[in-house]
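J.: Residue numbers (my numbering), protein chains in the order written: chain A, 1 to 146; chain B, 1 to 578; chain C, 1 to 230.
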Amino acid sequence: MASTPLSSDSKHGGHSHIINPWVLFFNMLWLMFLLVITFIASEFDFGNVIINNVVAMLIATVKAVFVIWIFMGVMHASKLAKIWVVTGFGVLFLMFGILGDYATRQYEPVSGWETNVPNNGGSAFPREWPPQKKPEQVGENFRPRG
Amino acid sequence: MSAIPADPNVTAVSATPRTETNYLNADWSIKSWLLTGDHKRIGILYLVTVSFFFFLGSIAAGLIRYELTAPAGFILESETYNKVFSAHGIIMVFLFLIVAIPAILGNFLLPLMIGARDMAFPRLNLLSWYLFMIGGACIMGGMINGGVDSGWTFYVPYSSMYANSNVTMVLTGIFIAGFSSITTGINFIVTTHKMRAPGMTWFRLPLMVWALYATGVVIILGTPVVAVTLLCIIFERVFHLPIFSAELGGDPVLFQHLFWFYSHPAVYIMILPAFGVQSELIANFARKRVFGYHLIAFSSLAIAGLGFLVWGHHMFISSESMYQGVVFSLISFLVAIPSAIKVFNWTATLYKGNIRLQTPMIYALGFIGLFTIGGLTGLFLGCLGTDVHLTNTYFIVAHFHYVMVGGAVTAFLGGLHYWWPKMTGRLYPESIAKWNAVLVFIGFNLTFFPQFIVGFMGMPRRYHYYYFAPEFQPYHIMSTLGSTVLALSFIIPGLYLTRSLTKGAKASANPWGAHGLEWETSSPPPTSNFLQIPVVLDEVYDFDPVTEHEQDKAAQALEVPSYLSNEAKSIESEKEKR
Amino acid sequence: MAAIASDHGHGHGHDEALHHQFEDMEQQNDSYIVGMWTFLVTEVMFFGALFLIYTLYRSMYQLDFYLAHKVLDTRMGMINTFVLLFSSFTVAMSVRFAQLQNRMGVLAMLGITQICAGTFMVIKYFEYQEKFGHHLYPGPGFGSSPSYLNGASPNFAQLYFGLYFGMTGLHGLHVLIGMIVIGYLMAKWWRNSPMVTKDYIPTELVGLYWHFVDLVWIFLFPLMYLMPKP
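1. Any chance the region 276–291 of chain B sits against the region 206–217 of chain B, with 3 or more Cβ pairs inside 8 Å?
2. Answer with buried or exposed for I50/A, where buried requires no fewer than 16 other C-beta atoms within 10 angstroms of its C-beta.
3. Over the uninterrupted alpha helix (DSSP H) stretch that includes A167/B, give me the two end residues.
4. I'd like the span of the alpha helix (DSSP H) that includes T80/B, first residue to last.
5. Put T587/B into one of helix, strand or coil per three-state DSSP.
6. With a threshold of 16 other CB atoms inside 10 Å of the CB of R58/C, please say whether the residue is buried or exposed.
7. With a threshold of 16 other CB atoms inside 10 Å of the CB of I91/B, please say whether the residue is buried or exposed.
8. Whose CA, out of Y61/C, R96/C, W210/C and Q28/C, lies closest to the CA of W22/A?
9. Cα separation between Y128/C and K70/C?
10. Run through DSSP, which three-state label would K506/B get?
11. Assign V138/A to buried or exposed, taking buried as 16 or more other Cβ atoms, counted over all protein chains shown, within 10 Å of its Cβ.
12. Using C-beta distances below 6 Å, list every residue in its chain close to W152/B, excluding the 5 sequence neighbours before and after it, in chain order.
13. In the DSSP assignment, find the alpha helix (DSSP H) that holds W152/B and state where it starts and stops.
14. Would you say the region 116–124 of chain C touches the region 68–83 of chain C, given that touching needs at least three Cβ pairs under 8 Å?
15. How would you write the range of the alpha helix (DSSP H) that A295/B sits in, first residue to last?
16. Select from Y66/B, E20/B and D38/B the residue whose C-alpha is nearest the C-alpha of T447/B.
17. Count the other CB atoms, across all protein chains shown, that sit within 10 Å of the CB of S145/C; report buried if there are 16 or more and exposed otherwise.
18. Residue range of the alpha helix (DSSP H) that P273/B falls in?
19. Distance check for T69/B and I453/B, CA to CA, integer angstroms please.
20. Using CA coordinates, which residue listed in F47/C, E26/C and F39/C is at the minimum distance from V225/B?
21. Rounded to whole angstroms, what's the CA-CA distance from L226/C to F121/B? Just pull it up for me.
22. Can you tell me whether DSSP reads R582/B as helix, strand or coil?
23. What did DSSP end up calling I19/A once you bin it into helix, strand or coil?
24. Step through the CB atoms of chain B and report whether any lies within less than 8 Å of the CB of I98/A.
25. Using a Cβ-Cβ cut-off of less than 9 Å, give me the residues of the region 192–205 of chain C that come near chain A, in sequence order.
26. Relative to the C-alpha of A469/B, which candidate in S479/B, G482/B, G455/B and T480/B has its C-alpha closest?
27. Leaving out five residues before and five after F584/B in sequence, what residues of the same chain have Cβ atoms less than 6 Å from its Cβ?
28. Check whether the Cβ atoms of F367/B and G414/B lie closer than 8 Å to each other.
29. Give the interface partners of K599/B over in chain C, defined as CB-CB distance under 8 Å, in chain order.
30. Taking K63/A as the query, report the chain C residues whose CB atoms sit under 7 Å from its CB, ordered along the chain.
31. My output table needs one value for R191/C: the three-state DSSP class, helix, strand or coil.
32. Please work out which residues of its chain come closer than 7 Å, Cβ to Cβ, to M195/C, disregarding the five sequence neighbours upstream and downstream, and give them in chain order.
33. Note the first and the last residue of the continuous alpha helix (DSSP H) segment covering F452/B.
34. What residues are listed by DSSP as bridge partners for P460/B?
35. Quick check: H193/B and D118/B, are their CB atoms within less than 8 Å of each other?
36. Express the C-alpha separation of L381/B and H314/B in angstroms, rounding to a whole number.
Have a look at this one:
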């Protein structure tokens, strides 16, 4: 049963990697260039509002990737840090699944079910309208509330 | 690196000398407690405060139960009732369940179990307790100052526009308590990744550590979402920033989406560590290797992952799209798979084990049954058709109490008894504790089983009367009776555990004959946990039930059960000292 | 205590920055980096929820959001983005100087970062002041100068400005917290505290936080200021 007495992931290190300042500088220039591109792209019509939005977000994502990869040093970080970065954005992406609710609501087959109209055709079940009244049941301990 | 060269599972149990200085008596001043970085002391601080909040939440629960014994209620006005059930929910969820097992047992045990001197960030750990206290004080302040009547879910637009109660203050408290939870989660994750003793590979970890790690992941990814969602309500109430205002075109359902995106995973924050405790208890008291170690470990992670994909099942009737409802219903059923894996594996562990029916084991066996009922009734609610009938009834109340009280609280009590000798260095009285564990089981079932029936018959939740249906009364009376028994069975451990602090027999390092690093240091452990950082050479659950059973039989012939021998020895040595 | 304290005295002799719970500096540094990244993940989720709300409302009320956003000053937003990108560069440089243990370099770079952060906040202040002056803060008096709404529906414009103030406000709060933390770090460097001079990690962690603040703004700027015409 006995195996190596060293923890499996105690070896990787390498956080002390010193990044070349020119890399940082050119990264900054590149990000500023992308910023100008963002501005120009927002003025330019690609033909469709969806495409325009997607282009703007794509450029922002590229910028974000460069900030994360170079400025935040993920390039030289441990695997664990990389996994966390991916997990974080992955779950964020997952949360945007909430929008799926709003995107699919319009395709519901039972349009108008929420209105109190008898036999509205779209409803899954025909409803009795008005509902049959039951004789009011009053408990022994009934006490009117103020 | 300093290390014990020998196999600790064999030698260290007896080799570790009893140190006179431990984390409890190292320094007696109040300052040393309030400014401590020691994870064990922080665990104890949490234990004291969380017990206090549990007491308050229980009082609110008692008020709810007594109100409902009569069809028209008899002690609370409707508005007071709303405030009482809100207080019960908020205190129990945010100040007890989310904190109880992770912050008390998790804080205390995680570094001990992996052979570390402390958490990775002791000061952050202390900060988390202070944030918890500030959050708790805000919530309490809001409740004393008039209460809050929006329920623990704070659905908009009621909470953002119409509620005249102290919603803002209570939400601020929850927001702050959320950050306490986040700091705990960060600590768990980093500690598990980076602080393991040499030789403690991932698959030698106790299952409790896996569970706490999964809990940490859920906390990290979920809590900020609810924090910002509740912050939006605060914005709306205080700064008039309309975010969910329906009258301006905002969407209140979006609040529910975001709220449940956290609050569904939050139930896994409550139950996952309970699974961890459960695995430890079952393995130790069945004296057997946990059946399917890898499956239990990965099912914790699977639950943590799937937990983020099912939030919509709380919103089947909240005008959610039916297509998304179908998807959420399907994924909700999938959660049953990893949960069932755990339950089956625990049951399989019992098979041919050398079972010892001591207090923690009684709680653990109760857990299996209660959690199974709670989980299976969850399938009724995850099913689109039946949910329409059952949602917002007492059926749902019974369901989540079976999981939360029958699961999390039972596991918490079992774990507290199991690790009590390690935490305090004292033994609790076994016989009374055993009977009390049975009492918890009886009281619990008497309280919540009738609620399934009355809920199925149509009793709505959050109503303070039911004069429209007096036939519900017997069930409510049964439930109230059970809650009285349950309250009693929560008070009794409080009394005998407190008494054992001074009167209890001194515990040996390993009173249960359990395996695991936390039992290889003295009870209570020294401030730095281990005199020398241990080297782990073997997996944690290497029990041998067959040999132990034979030894037990031989010992029974001598009328001293072997598992009590350590305890008996320590009592004898006590007598000799006197 | 003596018996306990003596046994983990290993490594303390030469590393003043090593905390008692760690074996060596590598373990400590790794732990801090991983801890910071886990924290940043929570921050991602924190802002992510707000971005989600914004995405939903903007897709619902595209035209009104477009009309309402016109009142924002793109020039100021651009300047602010440049300032933040530049400050990200200086923070990255300060981390580099910390690794090289160049005290004056770190102080200079962090000082420039503080100036950038201050500039950002001042510009933000003038922007906010202008919006308040135009009655564009949500609430009872909203839209009492309708000309600034550019024809957007006051209700939906109010949603837009609610999110604008909420999101940029929270971002501004993060900038303020960043300024305080950087100030604290500078004080530590100024006093030659071994906590920072022997170990570059505190500087690195503050740097990570500051980059995250920059990251949020990278998305906020195009979303708030540069909307395409629907």
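Glycine included, every Cβ here is placed at the ideal spot set by N, Cα and C.
All values reported here derive from a predicted model rather than from experimental measurement.
T.: If we stick to the structure as given:
1. yes
2. Your numbering for residue 50/A matches position 50 in the first sequence. Classification of I50/A: exposed, given that the 10 Å Cβ count is below 16.
3. As a working note, residue 167/B is residue 167 in the second sequence. With the sequence shown as reference, residue 167/B is identified as Val, and Ala is not the correct amino acid for it. V167 to K194 is the span of the alpha helix (DSSP H), which, as asked, contains V167/B.
4. Indexing the second sequence from 1 puts residue 80/B at position 80. Segment S78 to I90, the alpha helix (DSSP H) holding T80/B.
5. A query on residue 587/B cannot be resolved here, the shown segment of chain B reaching from 1 to 578 and no further.
6. Here the question's residue 58/C lines up with position 58 in the third sequence. Label assigned to R58/C: buried.
7. Stepping through the second sequence from its first residue, residue 91/B is reached at position 91. It is buried - the Cβ of I91/B has at least 16 other Cβ atoms within 10 Å.
8. Sequence index remark: in the first sequence, residue 22/A carries index 22 (1-based). Measuring from the Cα of W22/A, the nearest candidate turns out to be R96/C.
9. Taking the third sequence and counting its residues from 1, one reaches residue 128/C at position 128. Taking the third sequence and counting its residues from 1, one reaches residue 70/C at position 70. Approximately 15 Å, taken between the alpha carbons.
10. Locating residue 506/B in the second sequence gives position 506, counting from the first residue. Reduced to three states, the DSSP call for K506/B is strand.
11. As a first step, residue 138/A must be located in the first sequence, where it is residue number 138. Here V138/A scores only 46 on pLDDT, less than 50, and its place in the model should not be relied on; the value that follows carries that caveat. Label assigned to V138/A: exposed.
12. The sequence position of residue 152/B within the second sequence is 152, counting from 1. Taken in chain order, the residues that qualify are G89, I90 and V93.
13. For the purposes of this step, residue 152/B is taken as the residue at position 152 of the second sequence. No alpha helix (DSSP H) contains W152/B, which DSSP labels as neither H nor E.
14. yes
15. By 1-based counting over the second sequence, the position of residue 295/B is 295. At residue 295/B the sequence reads Leu, which differs from the Ala that was named. Taken as a continuous stretch (DSSP letters only), the alpha helix (DSSP H) holding L295/B covers Y293 to L306.
16. For the purposes of this step, residue 447/B is taken as residue 447 along the second sequence, with counting starting at 1. With distances taken between Cα atoms, T447/B lies closest to Y66/B.
17. For this step, residue 145/C is matched to residue 145 along the third sequence. Label assigned to S145/C: exposed.
18. To locate residue 273/B, count along the second sequence from 1; it is residue 273. P252 to F285 is the extent of the alpha helix (DSSP H) around P273/B.
19. On the second sequence, residue 453/B is found 453 positions in, with the first residue counted as 1. On the second sequence, residue 69/B is found 69 positions in, with the first residue counted as 1. Approximately 16 Å, taken between the alpha carbons.
20. Sequence index remark: in the second sequence, residue 225/B carries index 225 (1-based). V225/B has its Cα closest to that of F47/C, out of F47/C, E26/C and F39/C.
21. Counted from its first residue, the third sequence places residue 226/C at position 226. Counted from its first residue, the second sequence places residue 121/B at position 121. Going from the Cα of L226/C to the Cα of F121/B covers about 42 Å.
22. Any property of residue 582/B remains undetermined from this structure, which presents chain B solely from 1 to 578.
23. Within the first sequence, the letter at position 19 stands for residue 19/A. Coil, per DSSP.
24. Residue numbering aside, residue 98/A sits at position 98 when the first sequence is read from its first letter. It does; some Cβ of chain B falls within 8 Å.
25. Y200, I201 and E204
26. Taking the first residue of the second sequence as position 1, residue 469/B is located at position 469. Out of S479/B, G482/B, G455/B and T480/B, G455/B has the C-alpha closest to the C-alpha of A469/B.
27. It is not possible to answer for residue 584/B, since the shown part of chain B is limited to 1 through 578.
28. Counting from 1 along the second sequence, the entry for residue 367/B is found at position 367. Counting from 1 along the second sequence, the entry for residue 414/B is found at position 414. Their beta carbons are under 8 Å apart, which means F367/B touches G414/B by this criterion.
29. Here chain B covers residues 1 to 578 and nothing more, so residue 599/B does not appear.
30. As a position in the first sequence, residue 63/A is number 63, starting the count at 1. Result: I218.
31. The sequence position of residue 191/C within the third sequence is 191, counting from 1. The answer is coil: DSSP assigns R191/C none of H, G, I, E or B.
32. For the purposes of this step, residue 195/C is taken as residue 195 along the third sequence, with counting starting at 1. These residues qualify, in order along the chain: A17, K188 and P202.
33. By 1-based counting over the second sequence, the position of residue 452/B is 452. Run containing F452/B: E430 to M457, per the alpha helix (DSSP H) assignment.
34. Residue numbering aside, residue 460/B sits at position 460 when the second sequence is read from its first letter. Note: P460/B sits in a beta bridge opposite T393/B.
35. Within the second sequence, residue 193/B is the residue found at index 193, counting from 1. Within the second sequence, residue 118/B is the residue found at index 118, counting from 1. No. Outside cutoff.
36. Within the second sequence, residue 314/B is the residue found at index 314, counting from 1. Within the second sequence, residue 381/B is the residue found at index 381, counting from 1. Straight-line Cα distance between these residues: approximately 9 Å.
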